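Enquirer:
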Amino acid sequence: MTLQQLKYLITVVNSGSINEAAKKLYISQPTLSKAIKELEREMGITILKRTSTGIVLSPDGAEFLSYARQITEQVELLENKYLDMPYQEQLLSVSTQHYSFSVDAMVRMIEHHGGDKYQFSLRETRTYEIIDDVKNLKSEIGVLYMNTFNEKILTQLLKENRLTFELLFTAKPHVFISKTNPLAKKEKVTLKDLEPYPRLSFDQGEHSSFYFSEEILSTLHSPKNILVSDRATIFNCMIGLNGYTISSGILSEELNGTDIIPVPLDVDDEIKVGWITNNKTQLTRVAKLYLEELVKTIESYNLL
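Numbering of the sequence shown is given in the numbering used here, commencing with residue 1263 and proceeding in unit increments.
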């Protein structure tokens, strides 16, 4: 086993296919495939499973990848310390629901620990895909919420996929609305108050079960509904259509400006936001740094 083989494997997993990884590594696909197969033979395990849609990690491969990442990270630390290399390359992938504090924490982490050269990935994506990303080690960390409605289903799904949920904070529900919305003058709003306005929700694609919704109270009837795919669109709909969405109430003015404001929602519910990780892996140093910044970011909102 060589360090190069481990780096090849990590690149393949991060790329999602051997063909894409070969392009990034500037080697031929047969050469890369041979290197991975030799590594599997030497270790006596199947690391990658080839499917019609690409490659996925086997259970043994997920555990092996965790050790491979730790080894390559330690080698990079040694090289930077003793070879006085001018750059330190770091790699972290996070999948998250559409939370500004997840982005804020990534910004702070890069500012404090990014160095002169780095590679990070931050995916604001659908709930099911967050779970799938962490399950298949496409991301080390996933950020999502639970409440009384979805907790039983999500907890079971996480257990089946050998994932663990760690609570970050608990928040009372708020609505995000434009500062020009008539409801912006209220100290709190009721569900009755919201009826005339469009409800904005993040599209969950083919996994559109209510249990995967990013917004609580998703089963309640609303006469006006708009599905969106990103935060920029949802903000534009809040401003242009006086729409609303239900969330934790945490919004970064530094990143998102002051046109959107949170207003407390008068309902008997709470939102438990946390992070998930794969039980078969140990968090890398960079992942731990991100979690530290995530906690600091949330502490700045006086939620911890």
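Positions of the beta carbon are idealized from the N, C-alpha and C atoms, including for glycine.
The model shown is predicted, which means the values in this text are computed figures rather than measured ones.
#1: Tell whether a beta-carbon distance below 9 Å holds between F1497 and T1389.
#2: Where are the alpha helix (DSSP H) runs, 4 residues long or more, that stay fully inside the region 1274 to 1348, in chain order?
#3: Applying the criterion that 16 or more other CB atoms from any shown protein chain within 10 Å of the CB defines a buried residue, is I1289 buried or exposed?
#4: By Cβ distance, which residues of its chain are closer than 6 Å to P1460, with the 5 residues on each side in sequence left out?
#5: Would you give the residue range spanned by the alpha helix (DSSP H) that D1390 belongs to?
#6: Determine, using beta carbons only, whether P1524 and I1512 come nearer to each other than 9 Å.
#7: Would you call M1500 buried or exposed, if buried means 16 or more other Cβ atoms sit within 10 Å of its Cβ?
#8: Have a look at L1551 and R1331 and give me their C-alpha separation to the nearest angstrom.
#9: Flag this pair as yes or no: are the beta carbons of E1359 and T1387 separated by less than 9 Å?
#10: Please state the DSSP three-state secondary structure of T1495.
#11: How should N1541 be labelled, buried or exposed, when 16 other C-beta atoms within 10 angstroms of its C-beta is the threshold for buried?
#12: For V1337, is the classification buried or exposed, using 16 other Cβ atoms within 10 angstroms of its Cβ as the cut-off for buried?
#13: Measuring straight from C-alpha to C-alpha, what distance separates L1482 and D1465?
#14: Any idea if S1314 is buried or exposed, counting beta-carbon neighbours within 10 angstroms, 16 or more meaning buried?
#15: Taking its Cβ as the centre, do 16 or more other Cβ atoms sit within 10 Å of T1452, making it buried, or is it exposed?
#16: Does DSSP put Q1418 in a helix, in a strand, or in coil?
#17: Taking the alpha-carbon positions, what's the T1520 to M1371 distance?
#18: State the beta-bridge partners of Q1381 as determined by DSSP.
#19: What are the boundary residues of the alpha helix (DSSP H) that includes Y1552?
#20: When DSSP builds the beta bridges, which residues end up paired with E1428?
#21: Within a Cβ cutoff of 6 Å, which residues of the same chain sit near Y1349, ignoring the five residues on either side of it in sequence?
#22: Rounded to whole angstroms, what's the CA-CA distance from L1462 to S1509? Just pull it up for me.
Expert: Considering the structure as presented:
#1: Within the sequence shown, the letter at position 235 stands for residue 1497. Within the sequence shown, the letter at position 127 stands for residue 1389. In this structure, T1389 does not lie closer than 9 Å to F1497 by Cβ.
#2: 1280 to 1287, 1291 to 1305, 1321 to 1344
#3: Counting from one through the sequence shown, the residue named residue 1289 turns up at place 27. By the beta-carbon neighbour count (other beta carbons within 10 angstroms, threshold 16), I1289 is exposed.
#4: Counted from its first residue, the sequence shown places residue 1460 at position 198. Result list for P1460: K1486, I1488, L1503, G1505, in chain order.
#5: Counted from its first residue, the sequence shown places residue 1390 at position 128. The sequence shown places Tyr at residue 1390, not Asp. Unbroken alpha helix (DSSP H) run through Y1390: 1389 to 1397.
#6: Indexing the sequence shown from 1 puts residue 1524 at position 262. Indexing the sequence shown from 1 puts residue 1512 at position 250. Contact: yes.
#7: The residue labelled residue 1500 in the question sits at position 238 within the sequence shown. Looking at its Cβ environment, which holds 16 or more other Cβ atoms inside 10 Å, M1500 is buried.
#8: Mapped onto the sequence shown, residue 1551 falls at position 289. Mapped onto the sequence shown, residue 1331 falls at position 69. A straight-line Cα-Cα distance of about 16 Å links L1551 and R1331.
#9: Taking the first residue of the sequence shown as 1, we reach residue 1359 at position 97. Taking the first residue of the sequence shown as 1, we reach residue 1387 at position 125. Contrary to the premise, residue 1359 reads as Gln rather than Glu in this sequence. Yes, the Cβ-Cβ distance between Q1359 and T1387 is below 9 Å.
#10: In the sequence shown, residue 1495 corresponds to position 233, counting from 1. Helix at T1495.
#11: By one-based count along the sequence shown, residue 1541 stands at place 279. By the neighbour-count rule (16 or more Cβ atoms within 10 Å), N1541 is not buried but exposed.
#12: Taking the first residue of the sequence shown as 1, we reach residue 1337 at position 75. Looking at its Cβ environment, which holds fewer than 16 other Cβ atoms inside 10 Å, V1337 is exposed.
#13: Counted from its first residue, the sequence shown places residue 1482 at position 220. Counted from its first residue, the sequence shown places residue 1465 at position 203. Taking the straight line joining both Cα atoms gives about 16 Å.
#14: The count along the sequence shown starts at 1 and reaches residue 1314 at position 52. Exposed.
#15: In the sequence shown, the residue the question calls residue 1452 occupies position 190. Classification of T1452: exposed, given that the 10 Å Cβ count is below 16.
#16: Numbered from its first residue, the sequence shown carries residue 1418 at position 156. In this structure, Q1418 counts as helix in the three-state DSSP scheme.
#17: Along the sequence shown, one-based indexing puts residue 1520 at 258. Along the sequence shown, one-based indexing puts residue 1371 at 109. Approximately 24 Å between the Cα atoms of the pair.
#18: Taking the sequence shown and counting its residues from 1, the one referred to as residue 1381 is at position 119. Per DSSP, L1353.
#19: Start at 1 with the first residue of the sequence shown, and residue 1552 comes out as number 290. Its alpha helix (DSSP H) spans residues 1547 to 1561.
#20: In the sequence shown, residue 1428 corresponds to position 166, counting from 1. Answer is W1537, bridged to E1428.
#21: Locating residue 1349 in the sequence shown gives position 87, where the first residue counts as 1. Note that Y1349 scores a pLDDT of 49, beneath 50, so its modelled location is shaky and nothing firm can be said.
#22: Taking the sequence shown and counting its residues from 1, the one referred to as residue 1462 is at position 200. Taking the sequence shown and counting its residues from 1, the one referred to as residue 1509 is at position 247. Their backbone Cα atoms lie some 11 Å apart in a straight line.
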